[in-house]
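Trainee: For reference, the structure I am asking about is given below.
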Amino acid sequence: MIFQKAFIFCISVLVALILLCIERLVGIGWDFHPDSVHYATNSINIFYGLKESGYLSFINGGYYILMFLLNQNILLVTSFNIFLYSITNVIIANIHWENKKYKVLSFALLLLLLNPYRIHLSTTMLKDTLVIFFLVISVYKLRYLLAFIVPLIMTRLVALSYFISMFNKKFLYLGFIFALLLFYLFPDIVFDRLDASSSIDLRTREFDRIPAFQEYGNIGNFIRAMIWPLLAFTGMFAIISPSFAFLMVGIGIIMNIIYTYITYNKFSITFSAFLPIALLAILAPGFTSFIRYAYPIIVITPLLVGIKYNKSGIN
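Quick note on numbering: the sequence shown equals residues 328 to 642 in the numbering used here.
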């Protein structure tokens, strides 16, 4: 068991380093993402500014604490994210093994672990790898959820919606209504207001051709809430708006689908995961920002399907 975990950790580090080298060779530098440039150049100043404003200012700005501790150093932050990605894979493997009652490093499990977009995120300075780590470990054990809920919300306040995907049915609608009310009242805080001024990621990129239906007003919001989650869970957005960036994200989602079908003979979507993603679709300014915020839920949905499968007693 220890050998298997060590192997998963090492292979995760290895594939991340290989992808990092490939990206650098083809000209994808550390500054490919505007947010990476922002974190590498502004984090320390923003940290001191938030500190002077009071510690409550770190809500949704907690990532700047990490950037400060790592001296906004590109090498240190990238290494930390690769380490987190590898640890997250070990936790994902543990969840898989506990659901299936046997500990085998299968082809299906490798599909879940070697998601190309997750690997890419680990080679950047972005906060997404940390958010996914917090969420995966929260899915793993309830006591970890209690321990990491505050750091997760400090890192990304919109993560409040992520917990809806874990709710039982009787609490599902209550959680959805609460999150909708919170996001409606505080939209600027929820959607990374600290990063918005310097991040193109929050706006629609040139390659983003996914219709937002904004010309239809509130009806368009409803249409978006129905259609965008389906595109996100199936990867169909990569066909509607073909681009290399969307293709990489879409491939990872297809790998999730294949994993869930092979392992549990089910589709990788749950109603409890659909609800928060629909909420994000209503609130996000464009599909690019939507898929960024929705992606952690997409990552954990196969795990939630497996946990439900295990509780049903079907083996």
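Positions of the beta carbon are idealized from the N, C-alpha and C atoms, including for glycine.
So, is residue 375 buried or exposed, given that buried needs 16 or more other C-beta atoms within 10 angstroms?
Mentor: One-based indexing of the sequence shown puts residue 375 at position 48. The residue in question, residue 375, is exposed, as its Cβ has fewer than 16 Cβ neighbours within 10 Å.
Trainee: If you compare alpha carbons, which of 622, 561, 597 is closest to residue 635?
Mentor: Reading the sequence shown from its first residue, position 308 is the one you call residue 635. The shortest Cα separation from residue 635 among 622, 561, 597 belongs to 597.
Trainee: Rounded to whole angstroms, what is the Cα-Cα separation between residue 359 and residue 395?
Mentor: One-based indexing of the sequence shown puts residue 359 at position 32. One-based indexing of the sequence shown puts residue 395 at position 68. Computed Cα separation, rounded: 21 Å.
Trainee: Is residue 603 closer than 7 Å to residue 491 when the C-beta atoms are compared?
Mentor: Taking the first residue of the sequence shown as position 1, residue 491 is located at position 164. Taking the first residue of the sequence shown as position 1, residue 603 is located at position 276. Closer than 7 Å, so yes.
Trainee: From this set, 573, 439, 453, which residue's C-alpha is nearest residue 630's C-alpha?
Mentor: Translated into the one-based positions of the sequence shown, residue 630 becomes position 303. Out of 573, 439, 453, 439 has the C-alpha closest to the C-alpha of residue 630.
Trainee: What residue range does the alpha helix (DSSP H) around residue 412 cover?
Mentor: Walking along the sequence shown from the start, residue 412 turns up at place 85. Note, residue 412: alpha helix (DSSP H), 401-427.
Trainee: At the level of alpha carbons, what is the spacing between residue 330 and residue 430?
Mentor: The residue given as residue 330 occupies position 3 in the sequence shown. The residue given as residue 430 occupies position 103 in the sequence shown. Spanning the two alpha carbons is a distance of roughly 11 Å.
Trainee: Out of 344, 599, 336, 350, state which residue places its alpha-carbon closest to the alpha-carbon of residue 489.
Mentor: Residue numbering aside, residue 489 sits at position 162 when the sequence shown is read from its first letter. For residue 489, the nearest C-alpha among the options comes from 599.
Trainee: Would you identify the three-state DSSP class for residue 525, choosing helix, strand or coil?
Mentor: Within the sequence shown, the letter at position 198 stands for residue 525. At residue 525, the pLDDT of 29 sits below 50, so the modelled position is not reliable; the number obtained from the coordinates is stated separately. DSSP places residue 525 in coil when its eight states are reduced to three.
Trainee: Could you check what DSSP says for residue 519 in three-state terms: helix, strand or coil?
Mentor: Along the sequence shown, one-based indexing puts residue 519 at 192. Confidence is the limiting factor: at residue 519 the pLDDT is only 46, short of 50, which leaves the residue's position unreliable and the question unanswerable from this model.
Trainee: Could you tell me the distance, in whole angstroms, from the CA atom of residue 623 to the CA atom of residue 458?
Mentor: Against the sequence shown, residue 623 aligns to sequence position 296. Against the sequence shown, residue 458 aligns to sequence position 131. The alpha-carbon atoms of residue 623 and residue 458 are separated by roughly 7 Å.
Trainee: Based on Cα-Cα distance, which residue from 423, 566, 608, 542 lies nearest to residue 552?
Mentor: Counted from its first residue, the sequence shown places residue 552 at position 225. It is 608 whose Cα lies nearest to the Cα of residue 552.
Trainee: Between residue 483 and the rest of its own chain, which residues show a CB-CB distance below 6 Å, the 5 nearest in sequence each way excluded?
Mentor: Sequence index remark: in the sequence shown, residue 483 carries index 156 (1-based). Same-chain partners within the cutoff: 458.
Trainee: Do the stretch 360-371 and the stretch 445-453 touch if we need at least three Cβ pairs shorter than 8 Å?
Mentor: Touching, yes, given that three or more Cβ pairs across the two stretches are closer than 8 Å.
Trainee: Do residue 413 and residue 336 have their beta-carbon atoms positioned less than 7 Å apart in this structure?
Mentor: The residue labelled residue 336 in the question sits at position 9 within the sequence shown. The residue labelled residue 413 in the question sits at position 86 within the sequence shown. Yes; because the gap between Cβ atoms is below 7 Å, this pair is in contact.
Trainee: Might you give, ordered along the chain, the residues of its own chain that have their beta carbon closer than 8 Å to the beta carbon of residue 432, omitting 5 neighbours on each side?
Mentor: In the sequence shown, residue 432 corresponds to position 105, counting from 1. Result list for residue 432: 331, 334, 335, 420, in chain order.
Trainee: Considering only the beta carbon of each residue, do residue 390 and residue 373 sit closer than 7 Å?
Mentor: One-based indexing of the sequence shown puts residue 390 at position 63. One-based indexing of the sequence shown puts residue 373 at position 46. Not a contact, by the Cβ cut-off of 7 Å.
Trainee: Is it right to say residue 368 is buried, meaning 16 or more other beta carbons lie within 10 angstroms of its own, or is it exposed?
Mentor: Position 41 of the sequence shown, counted from the start, is the residue given in the question as residue 368. Flag for residue 368 reads exposed.
Trainee: Closest by CA to residue 616, which one among 578, 572, 426, 342?
Mentor: Locating residue 616 in the sequence shown gives position 289, where the first residue counts as 1. Closest by alpha carbon: 572.
Trainee: Using the Cα positions of residue 442 and residue 411, report the straight-line distance between them to the nearest angstrom.
Mentor: Along the sequence shown, one-based indexing puts residue 442 at 115. Along the sequence shown, one-based indexing puts residue 411 at 84. Taking the straight line from one Cα to the other gives about 14 Å.
Trainee: For residue 637, which option in 408, 423, 388, 342 has the closest C-alpha, if you only look at C-alpha atoms?
Mentor: The count along the sequence shown starts at 1 and reaches residue 637 at position 310. It is 423.
Trainee: What do you get for residue 477, buried or exposed, if any count of 16 or more other CB atoms within 10 angstroms of its CB means buried?
Mentor: Counted from its first residue, the sequence shown places residue 477 at position 150. Exposed: under 16 other Cβ atoms inside 10 Å.
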